[in-house]
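Below: one structure, written as structure tokens.
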Amino acid sequence: MNVLGIESSCDETSVAVISEGRLISNLISSQDFHTNYGGVVPELSSRAHLQILLPLVKQSLAQAGITLNQIDLVTATAGPGLIGALLVGLSFAKGFAYSIKKPFIPVNHIEGHIFSGFLMEEKPEFPYLCLVVSGGHTLLLLVESETEIKKLGTTIDDAAGEAFDKISKLLGFGYPGGPKIQEAALNQRTDFVDFPIAQCKNEFDFSFSGLKTSVLRFIQKEYGDASKIPNEHLPSIAASFQYSAVRALVVNTDKALRKYKTNSISLVGGVAANKMLRDEFQKLAGKYKKKLVIPSAEFCGDNGAMIAYRGSQLHQAGIKYSFDFNAFPSLSDHTFIK
Ligand code: KG4
Ligand code: ZN
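Add 1384 to a position in the sequence shown, counting from 1, and you land on the number used in our numbering.
Right, dumping it as structure tokens:
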């Protein structure tokens, strides 16, 4: 069984092939030009996906050593994401599956991240607590099986990755913010500023807009505006922010581990690449004596492998989709997150 996975929800075009359950190709093309604009420009993203997708599919099949007709299942991200960008991958995948007369499975992007730990040698064991932290989402979930995913908490405003991106922009480090903040904060004081952690009504929810405002207020009070921050203070502000953002994520995960019975913990999504967060999750896993699965960097950011994996999981569970004429499938029909 050869499964093709296509991801195009934001600024990465990615194509993967899973053959007999083994990942044999995962090509990722990142649209680095968005750095010139300080963030992702949706229209430019769609155009870039359009240009790169077909060559990338050809390259991925060549790497996998298979031809078009040897594909047994086509999967693609159906959302959430940038509509134009999604449509490129989704329309291509549907047309392709139709032409080779093979089934097509639309995959929810977040579910791709949730199960990305299964791409690793050591896999999560159900039920597992999963923290999804990306540029658009922050979700604390209890994953009971492949089709039972309980939402414990989410962000009531900004996503964790969005907070990293906004603070990075404010401090002049540029986009994408996560890796830049992490680099600047390396070996710096985390107690230079004591940024608060928000408390939400639902004990498992997150809020990052308050943290962003406190950074802004601190800068205005101390320096007037961001352009006047002395260079030697920038790394300590970045480190203090990173510390608070990571604490906010860890505190809720800790509470959930106390409350829910789980066999493993999984940390997924772009922000899961963060070293401090990964280290803190190691400590949590030690404290609660749980198996911890964090995907390697290649599978933390957006990638086709997690889409192919989740698509084949759904296919094996007997889930089928017809080729409807709606260009864009309804997302509520394509998620098991309740
Ligand atoms: O999952 P992802 O690649 O795309 C979305 O689905 O959104 O996540 C992208 C996010 C960006 O906000 C980026 O700044 C953040 O992940 N990120 C990080 C790190 N690497 C990427 N955040 C913190 N630390 C990192 N090392
Ligand atoms: Zn993502």
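A virtual CB, placed ideally from N, CA and C, is assigned to each residue, including glycine. Here the structure is a predicted model, which means the values were calculated and not measured.
query: Bounding residues of the alpha helix (DSSP H) (the contiguous stretch that carries Phe1625); result: Leu1618 to Lys1643
query: Glu1505 to Glu1606 span [Cα, whole Å]; result: 48 Å
query: Distance CB(Ala1400)-CB(Gly1685) smaller than 8 Å; result: no
query: Assigned secondary structure, Leu1466 (DSSP; H/G/I helix, E/B strand, else coil); result: coil
query: Uninterrupted beta strand (DSSP E) stretches inside the segment 1395–1422 (no shorter than 3 residues); result: 1396–1403 and 1406–1414
query: From Asp1638, Ser1414 and Leu1554, residue whose alpha carbon lies closest to that of Cys1514; result: Asp1638
query: For the ligand ZN, residues whose Cβ lies under 5 Å from any non-hydrogen atom; result: Ser1518 and Asp1686
query: Collapsed DSSP secondary structure at Ser1648 in the structure displayed; result: strand
query: Distance cut-off 7 Å: Gln1566 Cβ against heavy atoms of the ligand SAM; result: Judged by which ligands are present, the ligand SAM is missing from the structure shown, whose ligands are the ligand KG4 and the ligand ZN.
query: Contact test: Leu1638 Cβ vs the ligand KG4 heavy atom, cutoff 7 Å; result: Leu is not the amino acid found at residue 1638; the sequence shown has Asp there. No, the ligand KG4 has no heavy atom inside 7 Å of this Cβ.
query: Pro1580 in three-state terms, based on DSSP; result: coil
query: Contact check, Ser1403 vs Leu1440, beta carbons under 8 Å; result: no
query: Short CB-CB distance (under 8 Å) between Lys1585 and chain B; result: In the displayed structure, chain B is absent; only one protein chain is listed.
query: Cβ-heavy atom distance, Asp1589 to the ligand KG4, below 7 Å; result: no
query: Residues near His1699 by beta carbon distance below 6 Å, same chain, minus five either side; result: Leu1457 and Ile1489
query: Cβ distance (whole Å) where Ile1390 is taken to contact Gly1473 below 8 Å; result: 5 Å
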